[in-house]
Amino acid sequence: MPEADVHFSVAIVGAGVAGALLAHELARAGHRVLLVEAGPAGRARVDLVGDYALAAVKTPRSSYRDNQPPSPVKSPDSEDDYAQTGPSKFKSTYLRRVGGSTWHMLGNMPRLVPADLRLHSRYGVGVDWPLGYDDLEPWYGEAEHALGVAGDHRALDGLHGARRSRPFPMTRIWPSYGDLVVERAVVGLQVHGIPVELISTPQARNSRPYDGRPACAGNSSCVPICPIGAKYDGSVHVRKAVAAGAVLWDRAVVTRIDLDRTTGRVRALRYTRWDEAGARRKGSVAADLYVVAAHAVETPRLLLASRDPDAAPAGVANGSDQVGRNLMDHLQGQGATIVAEPLHPFRGPPTTVGIDCFRDGAFRARHAAFRLSIGNDGMGRSETPYAALGRLVDAGLIGTDLRTALRDRLSRQFRISYSTEMLPRPGNRVTLADGPADEFDVPRAELAMTLDDYNRQAFAKALAVVSAVFDRLGAPDGERKMQKEETYSGAGHIMGTTRMGQDPSNSVVDRDCRAHDHDNLFIVGAGAFPTGGTANPTLTVAALALRAARTVSTLLRTGP
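Following my numbering, the numbering of the sequence shown begins with 485 at its first residue and continues without gaps.
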């Protein structure tokens, strides 16, 4: 049967974690589900691991080269996929492939804390969510079990008021030897008047065999790829969705959302299917309900590119002029050094514990919250093992002296990274770029971002914590490499561009991720976040997706 002749109950755009969970939940409820993904289903994991091994520079994209010879056509995943106008630089990337950016995520799965959802009410900055923590809490539990999160229930229950109603499906990932050394060193330490303590980080990484996947073997390459599949990625639920009856179209770029000009409802998706040989096939597909779960850059790009002069002159779902606005990330930095006592890094995941005591407090009225991660990967990007070797060779060491010095230096490498909260700012946004469209005739995204004093102050506060920990570990001043705010990094935690709210005049979707402007359209993902807190967003995305799936399923059974 031709693609255009098939009618689905629900069509989902994007096969990342949100789309995959929605597809699985709806397919197993008996609905006819189409899952449309712009990127490829991908090669076998072993081949992606091979690409990582062969890469001269290990980056989050090392396993996902976008132009595989001998193909002359690049996939729609390219370094120049979006333009930037500044004045600050947006430094995060994302993947277009089945499973989405969860392939190259680190895998940390903290929850938001209650104050993150009531930022304006508590501290007079940002905005409040239309949901409270108690509304999300049961869905957090569902998400932790769906993804397979290992964590310490007792330690995390009640953290900054975030109660837990059920335990994690797995006990925590075991701490590294270095974690234990650092934990001893910081006993009694206070910074900014707050006691500094280490706490286990919940992770979507198996501490035992779970859901058909093995336990973590400590390969320490979680970014960009887990070689054995112990870390969760969205392809897990894509496979489950297909097994439950969902239809997957990969290499299918949705280029436009068509509206019924009488009712304002979505009536079809236009798409272009592609292959590496350069072939293109255009079509459209209809469904009863539609979900856009295409990431916080690609989703507003599609909505804005679907402007209709009669039905949606500012873009689909954009009656509030909020589509694309309030772009957020977690801006990061790190400190790296050589410490006095050997930590023996590189054995296990890149991080297993963190410092969460600065995630909330009255200070948020003045500066951003932040969270710190204790590294288990030496000095990280500040000095790789190869760079350490070069340093010692340049110093004239050879033979046994070189081996001894290298072993000693690598055993004492250490880093702490920190992620800072961004406030939603209307001027930080995704729009459509002027100039040539992409290879599918969709205007390219253009990003504007400004780093403000709320963030800058948090960088200074976080660096003070890093310095205090380094002092406790006996790090010499000459070995400390401190990343300042002007050289911040992106976390890949792209949020905020289709935010939820109760008022259709200043938000895009409601508390169920249903578009205010179109009653048969849902927009699900980190774009729905009104604020970003300091939690890696994937767990909250999963919770919102599972919650939205319930609403979508009810509508499909009973009608709008």
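For glycine and all other residues, C-beta sits at the position ideal for the given N, C-alpha and C.
Own chain, CB closer than 7 angstroms to residue i, minus 5 neighbours either side, in chain order
| i | result |
| --- | --- |
| GLU563 | Its pLDDT being 43, under 50, GLU563 is placed unreliably in this model, and the value from its coordinates should be taken loosely. Nothing meets the Cβ criterion. |
| ARG1034 | none |
| HIS604 | GLY610, VAL611 and ASP612 |
| LEU510 | VAL494, VAL517, ALA1033, VAL1036 and SER1037 |
| PRO571 | THR934 |
| LEU873 | LEU890 |
| LEU1028 | CYS997, VAL1008 and ALA1012 |
| PRO910 | ARG809 and ASN810 |
| PRO927 | ALA789, LEU916, ALA917 and ALA921 |
Whole-number beta carbon distance between residue j and residue i, since they are thought to touch under 8 angstroms
| i | j | result |
| --- | --- | --- |
| TYR566 | GLU930 | 6 angstroms |
| THR586 | GLY718 | 5 angstroms |
| ASP813 | SER576 | 5 angstroms |
| TYR774 | LEU753 | 7 angstroms |
| ILE1007 | VAL776 | 5 angstroms |
| VAL520 | TRP733 | 5 angstroms |
| ALA932 | THR569 | 5 angstroms |
| SER704 | PRO833 | 7 angstroms |
| VAL837 | PRO1021 | Contact flag wrong, Cβ pair sits at about 20 angstroms. |
| LEU1030 | GLU626 | 5 angstroms |
| PRO594 | PRO686 | 6 angstroms |
| GLY444 | PHE954 | Only positions 485 to 1044 of the chain appear in the structure, and residue 444 is not among them; the question remains open. |
| HIS644 | ARG843 | 6 angstroms |
| SER649 | GLU628 | 11 angstroms between Cβ atoms; not a contact. |
| TYR938 | GLY817 | Actually they do not touch by this definition, with Cβ atoms about 15 angstroms apart. |
| ARG527 | GLY713 | Not really, about 14 angstroms apart at Cβ, beyond 8 angstroms. |
| LYS724 | ALA820 | Between ALA820 and LYS724 the Cβ distance is about 40 angstroms, and since that is not below 8 angstroms, they are no contact. |
Sequence-distant residues of the same chain with beta carbon closer than 8 angstroms to residue i, five excluded per side
| i | result |
| --- | --- |
| TYR661 | LEU827, HIS828 and ARG831 |
| TYR694 | GLY632, PRO653 and MET654 |
| SER555 | The predicted model places SER555 with a pLDDT of 33, which falls under 50 and marks its position as unreliable, so this point remains unresolved. |
| ALA728 | HIS508, ALA511 and ARG512 |
| GLN941 | ARG850, HIS851 and ALA852 |
Opening and closing residue of the beta strand (DSSP E) in which residue i lies
| i | result |
| --- | --- |
| TRP658 | Taken as a continuous stretch (DSSP letters only), TRP658 belongs to no beta strand (DSSP E), as it is neither H nor E. |
| LEU811 | Counting along the chain, LEU811 falls outside any beta strand (DSSP E), and DSSP gives it neither H nor E. |
| LEU519 | 517-520 |
| VAL497 | 491-497 |
| ARG689 | Run containing ARG689: none; DSSP gives neither H nor E here. |
| SER605 | SER605 -> not in any beta strand (DSSP E); alpha helix (DSSP H) instead, spanning 603-607. |
| ALA567 | 566-568 |
| ARG855 | 854-859 |
| LEU1005 | 1005-1007 |
| GLY838 | 835-839 |
Same chain, Cβ closer than 6 angstroms to residue i, neighbours up to 5 away in sequence not counted
| i | result |
| --- | --- |
| ALA824 | GLY958 |
| ASP994 | none |
| LEU881 | ALA889 |
| PHE1063 | It is not possible to answer for residue 1063, since the shown part of the chain is limited to 485 through 1044. |
| GLY591 | GLN687, ALA688, ARG689, CYS706 and LYS715 |
| ARG745 | ASP794 and ALA795 |
| ALA730 | ALA507, ALA511, VAL517 and LEU519 |
| ASP1001 | ALA801 and GLY803 |
| ALA871 | none |
| PRO486 | The pLDDT assigned to PRO486 is 49, lower than 50, so where the model puts this residue is not dependable; a value taken from the coordinates is nonetheless given after this. Answer for PRO486: no residue qualifies. |
| THR915 | GLY808 and GLU930 |
| LEU1005 | VAL750, TYR774 and ALA999 |
| ALA669 | ARG956 and LEU957 |
Bounding residues of the alpha helix (DSSP H) (the contiguous stretch that carries residue i)
| i | result |
| --- | --- |
| ARG887 | 883-895 |
| THR1035 | 1022-1042 |
| VAL877 | 869-878 |
| GLY625 | 617-631 |
| ARG512 | 501-512 |
| ARG638 | 637-640 |
Proximity test, Cβ basis, 8 angstroms: residue i and chain C
| i | result |
| --- | --- |
| ARG516 | Included in the structure is just one protein chain, with no chain C present. |
Cβ-heavy atom distance, residue i to the ligand SAM, below 7 angstroms
| i | result |
| --- | --- |
| VAL823 | Looking at this structure, you won't find the ligand SAM or any other ligand, since it has none at all. |
Check: In chain order, which continuous runs of the beta strand (DSSP E) of length 3 or greater are located wholly inside the region 910-964?
Finding: Those beta strand (DSSP E) runs which fall completely within the region 910-964 and span 3+ residues are 913-916 and 929-932.
Next item on the list: Spell out a yes or no on whether the region 635-653 and the region 801-816 are touching, meaning 3 or more CB-CB pairs, one atom from each, closer than 8 angstroms.
Entry: These segments do not touch.
Margin query: So, does the region 978-989 touch the region 685-700, judging by three or more C-beta pairs under 8 angstroms?
Written below: Not touching, per the Cβ criterion.
Margin query: Runs of 3 residues minimum, wholly inside the region 724-803: which ones carry the beta strand (DSSP E) assignment?
Written below: Runs found: 731-733, 736-743, 750-758 and 764-776.
Check: Are the region 858-872 and the region 887-898 touching, with three or more C-beta to C-beta distances below 8 angstroms?
Finding: Result yes; three or more Cβ-Cβ pairs closer than 8 angstroms.
Item checked: Inter-stretch contact at 8 angstroms, needing at least 3 Cβ pairs: the region 942-952 / the region 846-860 -> Look at the beta carbons and you see the region 942-952 touching the region 846-860: at least three pairs across the two are nearer than 8 angstroms.
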